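*Asks:*
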Amino acid sequence: MKAYSINKPLFIACEDNSLEDLKKAIEDELNVNGENYGSETPLHVCCKQKDPSIIELMKYLIEKGAFPTNLTSQQETLLHYSCQYQNSIEIIKFLVEKGVDLKQSTKESKETVLHYACKFQKENLLEVIQFLVSKGADVNAKTKDNETVLHFVCRYQNTIEAVKFLVSKKADLKTKTTSQESILHYACKYGNSSEIIQFLIEKKLDVNAKTKENETALHFVCQKENSSKLVSLLLAKKAKIKIANNLKQTPLHLACQLQDSFEIVNLLIQKGANVKVKDDHEQTPLHLVCQKKPNNFLQVVKSLVEKKADVNAKNDELQTPLHYVCHIKRRTLQEIIDSIGDKQEDNENGLKDLLEVVKFLVSKGADVNAKNENQQLPLHYACQEKNSIEIVEFLVSKGADVNAKTNENETAFHYACRTSLIEVIKFLFEREVDINESNDENETPLHLACRFRDNNSLEVIKFLVEKGADVNRVTNKQMTPLLLIAKYHSSFEILKYLVDKGANIHAKTAQEESVLHFCVSGNENPFEVVKYFVEKGVDVNSLTSDSKESPLHMACEFSTKLSLEVIQFLVSKGSDVNAKTKDNETPLHFACQYQKSLEVIQFLVSKGADVNAKTKGNETPLHFACSNKEMESCHKIIKFIAEKCDNLNAKSKYGITPLSTLKKNKNSFGIQILLMNDLALTLLEQKGRISGKLKNLLPKVYSINEDFNKILKSNDNFPDYKIESSDFFKFNVHKLILLTRFDNDETILQKFIDICKTKSKEEVQIMLNFLYTGFPNFEEFTKLFSFELDQSESESEDEIQKEKERKREEEEKKYVFQRNLSFSDVSSEDEKQSKNYFNGFKQEMKRIEDFFKQMGFDSNWIESKKGRKGIIKDLHQLYQNESTKDFTIIVEEKEIKAHKLILMIRSELFKGMFLSVQDSSNQVHDYSKKSFETINQLIYFFYHNEFDETKEITKEIIQEFKGLKDYFQLNQHSKIDFSKFSKI
1 MKAYSINKPL
11 FIACEDNSLE
21 DLKKAIEDEL
31 NVNGENYGSE
41 TPLHVCCKQK
51 DPSIIELMKY
61 LIEKGAFPTN
71 LTSQQETLLH
81 YSCQYQNSIE
91 IIKFLVEKGV
101 DLKQSTKESK
111 ETVLHYACKF
121 QKENLLEVIQ
131 FLVSKGADVN
141 AKTKDNETVL
151 HFVCRYQNTI
161 EAVKFLVSKK
171 ADLKTKTTSQ
181 ESILHYACKY
191 GNSSEIIQFL
201 IEKKLDVNAK
211 TKENETALHF
221 VCQKENSSKL
231 VSLLLAKKAK
241 IKIANNLKQT
251 PLHLACQLQD
261 SFEIVNLLIQ
271 KGANVKVKDD
281 HEQTPLHLVC
291 QKKPNNFLQV
301 VKSLVEKKAD
311 VNAKNDELQT
321 PLHYVCHIKR
331 RTLQEIIDSI
341 GDKQEDNENG
351 LKDLLEVVKF
361 LVSKGADVNA
371 KNENQQLPLH
381 YACQEKNSIE
391 IVEFLVSKGA
401 DVNAKTNENE
411 TAFHYACRTS
421 LIEVIKFLFE
431 REVDINESND
441 ENETPLHLAC
451 RFRDNNSLEV
461 IKFLVEKGAD
471 VNRVTNKQMT
481 PLLLIAKYHS
491 SFEILKYLVD
501 KGANIHAKTA
511 QEESVLHFCV
521 SGNENPFEVV
531 KYFVEKGVDV
541 NSLTSDSKES
551 PLHMACEFST
561 KLSLEVIQFL
571 VSKGSDVNAK
581 TKDNETPLHF
591 ACQYQKSLEV
601 IQFLVSKGAD
611 VNAKTKGNET
621 PLHFACSNKE
631 MESCHKIIKF
641 IAEKCDNLNA
651 KSKYGITPLS
661 TLKKNKNSFG
671 IQILLMNDLA
681 LTLLEQKGRI
691 SGKLKNLLPK
701 VYSINEDFNK
711 ILKSNDNFPD
721 YKIESSDFFK
731 FNVHKLILLT
741 RFDNDETILQ
751 KFIDICKTKS
761 KEEVQIMLNF
771 LYTGFPNFEE
781 FTKLFSFELD
791 QSESESEDEI
801 QKEKERKREE
811 EEKKYVFQRN
821 LSFSDVSSED
831 EKQSKNYFNG
841 FKQEMKRIED
851 FFKQMGFDSN
861 WIESKKGRKG
871 IIKDLHQLYQ
881 NESTKDFTII
891 VEEKEIKAHK
901 LILMIRSELF
911 KGMFLSVQDS
921 SNQVHDYSKK
931 SFETINQLIY
941 FFYHNEFDET
951 KEITKEIIQE
961 FKGLKDYFQL
971 NQHSKIDFSK
981 FSKI
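Here the sequence shown stands for residues 1 to 984, where the numbers follow UniProt numbering.
Quick look at the structure:
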């Protein structure tokens with residue numbers, strides 16, 4: 001039975017390496033062989049500590065009955081853990097002496113202790129593996145992938161001494177993995193030790209052996225930077241250089257993809273590597289070098305070309321090496337400049353070296369008009385790279401066609417305008433290009449310059465317009481240059497320039513979007529731009545054709561620093577604050593969902609925006625506010641709208657409420673706001689536990705939350721602390737009860753402020769306990785806040801309570817142990833478990849009773865059997881009785897998470913146990929059965945309703961529940977039929 005919560009002190013003591021705490025936990029009769037969620041015992045946890053002194057705790061645990069042979073759920077022994085966490089050799093020797101199995105392998109990977117040592121041990125690797133082997137560890141044990149210990153040493157350690165030792169102990173050198181990788185493959189693939197590789201080759205391992213992917217040792221070392229020494233070693237040992245892997249790549253293909261490839265490429269070429277061979281993408285080594293643009297770029301290219309590499313070879317995309325030189329696809333130009341020419345830092349020299357590669361290839365016959373599958377020339381690529389004017393000029397001087405068109409009907413001039421390369425644009429324009437030629441989308445070079453923003457945009461646009469570019473030409477989507485600038489730039493300077501040059505300010509896109517629709521959301525002076533176009537007569541109420549959105553909708557959708565100013569201006573010029581889209585969404589809907597500024601929402605409402613307006617999906621502005629992802633501002637917006645609207649629980653067409661939207665977005669503080677504004681009053685008045693003054697207390701509680709958050713934020717001790725609990729019971733109801741009980745809310749708030757100012761961590765912690773749990777330790781709390789209680793009465797009640805607890809404890813012990821020992825096959829371990837259960841049960845019952853006392857239940861009533869039944873009945877009704885609809889709503893909306901019901905579930909667990917043990921009458925057993933049914937339903941609900949963040953906690957409850965099931969099935973007096981509880 002994995003009652004981790006009961007045995008937790010044991011694990012904490014082991015984590016803290018505290019022998020004193022460990023002894024105390026064992027004195028409390030906790031289970032030294034209990035398991036945590038990872039099925040680790042306390043001994044396993046000890047092995048995770050690197051401090052050598054942890055051995056004292058391990059010895060004590062074993063002395064007290066801990067089994068050193070226990071395994072985790074992954075079949076890991078204590079020795080596995082010791083090797084994984086690099087324990088001292090003394091601990092490893094101690095565990096071997098205690099009988100831990102050296103040959104035990106893990107469940108899935110089938111790794112032995114020796115595998116773990118070779119995988120994880122660092123400083124004392126050789127000493128550990130020598131000891132383990134001396135004690136019988138199998139040097140030829142294999143994992144599920146057929147990896148031996150030698151494979152692991154070559155993969156993880158790269159230590160020649162360990163390799164030689166294992167070989168001396170008859171480790172099999174011929175074993176291959178399921179991927180047909182030999183020990184030598186591993187040494188070349190993962191390591192960089194020439195000593196190990198030399199040693200393995202001397203042991204007759206085949207340097208040309210192939211893996212399943214047809215890769216040899218040479219393939220592996222040719223994929224490693226700075227591995228020329230290893231390449232030389234393998235070549236000297238007759239490694240074959242022409243073997244191709246399953247991707248048709250030779251070692252030369254792989255070497256050409258290295259950043260420092262020059263030395264290795266030369267070594268391979270000198271040994272006769274084929275420079276013309278193609279891989280499965282029809283790429284030659286020269287293609288790959290031109291893609292990578294490595295250090296010593298020009299020298300590597302020359303080495304390949306001098307060995308007759310084809311400069312016009314085409315791959316499966318019809319790209320030539322020259323295409324790749326001109327096309328910087330994966331690296332920035334600055335990175336190329338920094339890498340070529342021995343990493344020269346001077347840009348001009350770097351560019352010159354890049355240009356030299358182009359010149360060299362062309363001098364060797366590279367076709368400057370070669371077209372790839374998209375009909376692009378190397379010139380097209382060069383015209384989209386910054387600082388490439390010299391390359392462009394050279395290609396054109398060698399006959400590159402400046403008017404050649406791609407499959408999209410774009411020339412090199414289109415490419416240059418797309419990237420605003422002003423020097424290239426001017427150079428190409430002088431070659432008689434058509435300035436108004438359009439591509440397949442009817443985009444001219446001016447359209448492209450307007451669509452793609454750049455620091456040179458204004459200069460390029462002015463040049464094109466002055467050279468005759470049409471400012472009112474429309475694309476297939478009816479976009480003009482003015483509309484493109486408004487949409488992608490919002491540059492006031494460019495917009496005014498185009499208008500001055502005759503651009504039509506009333507032009508609209510195919511979707512009826514005007515220049516104003518785009519400008520309202522601009523980041524660059526939107527107010528000035530909007531004002532400019534409105535004053536020129538652009539309609540403030542024009543609607544788009546598809547969504548029917550006005551400029552005001554757009555302004556409310558995009559939140560900027562100047563949003564309020566823009567919105568105020570539009571409304572002042574006649575924009576309709578209640579204009580509806582095709583889905584009946586108003587500007588207020590948009591503002592509630594997207595705005596960061598509460599002032600925008602307040603302004604719209606002040607101008608008559610309908611806070612109860614519904615979309616076609618029956619969603620109100622409150623729904624949209626609850627979807628706002630800006631957590632810092634949305635809480636204020638939610639609070640404002642919640643106070644103005646008629647129905648906080650309005651349901652959409654699909655039954656979605658604002659509360660469920662907040663739950664989906666995990667907006668706990670927003671949930672609290674809605675509960676405070678609506679559900680709180682309803683729930684508490686239904687229960688009748690709070691007086692009529694509750695309505696006045698609600699705003700004060702909310703004020704405490706806000707004020708306290710501000711104080712915490714300004715307090716150096718708690719800079720990141722924030723109250724965001726949405727637990728209605730623990731965070732609000734308890735606080736309200738306390739405020740009502742002491743009738744002193746003003747004093748409490750002031751006391752909060754005073755305590756924070758003192759920066760007393762101890763006192764603040766008491767207060768935080770109050771805020772998060774609803775009730776702190778009452779003695780501490782009353783002392784802290786100077787509330788007077790009748791001490792004599794308290795003492796007398798305490799004495800009565802202690803006497804009752806003593807009598808009950810005697811009865812409980814009597815029944816628990818009588819029942820456990822009422823059948824002949826009870827073992828000492830069973831007795832220990834029942835003792836542990838009793839201790840946990842006793843503590844839990846006390847905590848539960850304290851909870852119900854604090855909730856206002858009468859003490860005598862709690863002590864009575866009727867009271868115990870009543871508590872369970874109340875809990876059962878709370879989640880099943882239709883009369884408590886508001887609680888049901890919260891559960892259905894998944895607001896109360898699993899960890900907030902642990903107390904109630906555990907209450908059911910232990911009361912079910914208690915009632916079954918206390919009395920053997922059928923009536924009590926029937927009631928206990930109901931208790932377990934309730935647990936079953938609660939656990940099922942939370943475990944199967946996507947509460948990912950609480951599933952681990954729920955699993956703990958399930959384990960406790962299963963433990964109780966095992967207990968009662970073992971108990972011959974129990975009449976509970978657990979077989980009917982099938983949901984878990």
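Idealized CB from N, CA, C, for every residue including glycine.
None of the values given here were measured: they were computed from a predicted structure.
Around the Cβ of Asp145, are there at least 16 other Cβ atoms within 10 angstroms (buried) or fewer (exposed)?
*Replies:* Asp145 is exposed by the Cβ-count criterion.
*Asks:* Go through its chain and collect everything with a Cβ distance to Thr544's Cβ below 7 Å, but skip five positions before and after it.
*Replies:* Cβ neighbours of Thr544 beyond the five flanking positions: Gln511, Glu512, Glu513 and His517.
*Asks:* Determine the burial state of Ser521: buried for a count of at least 16 other Cβ atoms within 10 Å of its Cβ, exposed for fewer.
*Replies:* Its Cβ being crowded by 16 or more others within 10 Å, Ser521 is buried.
*Asks:* Assign Ala400 to one of two classes, buried (16 or more other C-beta atoms within 10 Å of its C-beta) or exposed (fewer than that).
*Replies:* The residue in question, Ala400, is buried, as its Cβ has 16 or more Cβ neighbours within 10 Å.
*Asks:* How should Gln283 be labelled, buried or exposed, when 16 other C-beta atoms within 10 angstroms of its C-beta is the threshold for buried?
*Replies:* Buried: at least 16 other Cβ atoms inside 10 Å.
*Asks:* Using only CA atoms, which one of Val275, Gln299, Gln104 and His327 lies nearest to Asp310?
*Replies:* Of the candidates Val275, Gln299, Gln104 and His327, the one whose C-alpha sits nearest the C-alpha of Asp310 is Val275.
*Asks:* Buried or exposed, going by whether 16 or more other CB atoms sit within 10 Å of the CB of Gly670?
*Replies:* Result: buried.
*Asks:* Just to confirm before moving on: does the CB-CB distance between Val128 and Leu166 stay below 8 Å?
*Replies:* Against a cut-off of 8 Å, the Cβ pair of Leu166 and Val128 comes out as no contact.
*Asks:* Applying the criterion that 16 or more other CB atoms from any shown protein chain within 10 Å of the CB defines a buried residue, is Lys371 buried or exposed?
*Replies:* It is buried - the Cβ of Lys371 has at least 16 other Cβ atoms within 10 Å.
*Asks:* Throw me the rounded Cβ distance for the Asn245 and Glu225 pair, which I believe falls under 8 Å.
*Replies:* No, Asn245 and Glu225 are not in contact; Cβ-Cβ is about 19 Å, not under 8 Å.
*Asks:* Measure the Cβ-Cβ separation of Leu258 and Pro294 and say whether it is below 8 Å.
*Replies:* Yes, Cβ-Cβ distance for Leu258 and Pro294 is below 8 Å.
*Asks:* Taking its Cβ as the centre, do 16 or more other Cβ atoms sit within 10 Å of Gly34, making it buried, or is it exposed?
*Replies:* It is buried - the Cβ of Gly34 has at least 16 other Cβ atoms within 10 Å.
*Asks:* Which residues in the same chain as Gly502 place their Cβ atom closer than 8 Å to its Cβ, once the five residues preceding and following it in sequence are excluded?
*Replies:* Result list for Gly502: Val471 and Asn472, in chain order.
*Asks:* Please report how far the alpha carbon of Ile12 lies from the alpha carbon of Val133, in whole angstroms.
*Replies:* Cα-Cα distance, rounded: 34 Å.
*Asks:* Where does Phe199 fall in DSSP's three states?
*Replies:* Of the three classes helix, strand and coil, the one that applies to Phe199 here is helix, per DSSP.
*Asks:* Would you mind sorting Thr475 into buried or exposed? The rule is 16 or more other CB atoms within 10 Å of its CB.
*Replies:* So Thr475 ends up on the buried side.
*Asks:* Does the Cβ of Lys122 have 16 or more other Cβ atoms within 10 Å, making it buried, or fewer, making it exposed?
*Replies:* Classification of Lys122: exposed, given that the 10 Å Cβ count is below 16.
*Asks:* Give me the residue from Leu43, Lys359 and Lys50 with the minimum Cα distance to residue 1047.
*Replies:* Nothing can be reported for residue 1047, as the shown portion of the chain is limited to 1 through 984.
*Asks:* Given this structure, state the Cα-to-Cα distance separating Tyr772 from Lys48, to the nearest angstrom.
*Replies:* A caution first: Tyr772 carries a pLDDT of 40, below 50, which makes its placement in the model unreliable, though a value can still be read off. The alpha-carbon atoms of Tyr772 and Lys48 are separated by roughly 33 Å.
*Asks:* Give me the Cα-Cα distance between Gln223 and Gln130, rounded to the nearest whole angstrom.
*Replies:* Approximately 34 Å between the Cα atoms of the pair.
*Asks:* By how many angstroms is the C-alpha of Leu95 removed from the C-alpha of Glu15?
*Replies:* So the alpha carbons of these two residues sit roughly 19 Å apart.
*Asks:* Flag this pair as yes or no: are the beta carbons of Thr175 and Thr148 separated by less than 8 Å?
*Replies:* Yes, these two residues count as a Cβ contact at 8 Å.
*Asks:* Measure the alpha-carbon distance for Ala273 versus Lys240 and round it to whole angstroms.
*Replies:* One C-alpha to the other measures close to 9 Å.
*Asks:* Would a C-beta distance cut-off of 8 Å place Asp367 and Asn312 closer than the cut-off?
*Replies:* Yes.
*Asks:* Just to confirm, are Ala187 and Ser193 a CB contact at a threshold of 8 Å?
*Replies:* In contact: Ala187 and Ser193 (Cβ atoms closer than 8 Å).
*Asks:* Report buried or exposed for His506, applying the criterion of at least 16 other Cβ atoms within 10 angstroms of its Cβ.
*Replies:* So His506 counts as exposed.
*Asks:* Cys383 and Val358 - do their beta-carbons sit closer together than 8 Å?
*Replies:* Their beta carbons are not under 8 Å apart, which means Val358 does not touch Cys383 by this criterion.
*Asks:* Near Leu268, which residues of its chain fall below 7 Å by C-beta distance, leaving aside the five closest residues on each side in sequence?
*Replies:* Excluding residues within five positions, the ones whose Cβ falls inside 7 Å are Ile241, Pro251, Leu252 and Ala255.
*Asks:* Is it the case that the Cβ atoms of Val163 and Leu150 are separated by a distance below 8 Å?
*Replies:* Against a cut-off of 8 Å, the Cβ pair of Leu150 and Val163 comes out as a contact.
*Asks:* Under the assumption that Asn541 contacts Ser550 (Cβ atoms under 8 Å), give the Cβ distance between them as a whole number of angstroms.
*Replies:* Correct: roughly 6 Å between the Cβ atoms.
*Asks:* Could you check whether Asn409 and Asp440 sit closer than 8 Å to each other, using their CB atoms as the reference points?
*Replies:* The answer is yes: Cβ separation under 8 Å.
*Asks:* Could you tell me the alpha carbon to alpha carbon distance between Glu437 and Val231, rounded to whole angstroms?
*Replies:* Going from the Cα of Glu437 to the Cα of Val231 covers about 55 Å.
*Asks:* Is it buried or exposed, Tyr116, if we count other Cβ atoms within 10 angstroms and call 16 or more buried?
*Replies:* Buried is the call here.
*Asks:* Per DSSP, what kind of secondary structure is Thr419 in: helix, strand or coil?
*Replies:* It is coil, neither helix nor strand.
*Asks:* Spatial neighbours of Ser457 within its chain, please: CB distance less than 6 Å, with the 5 preceding and 5 following residues excluded, ordered by chain position.
*Replies:* Excluding positions up to five away in sequence, the list reads Ser420.
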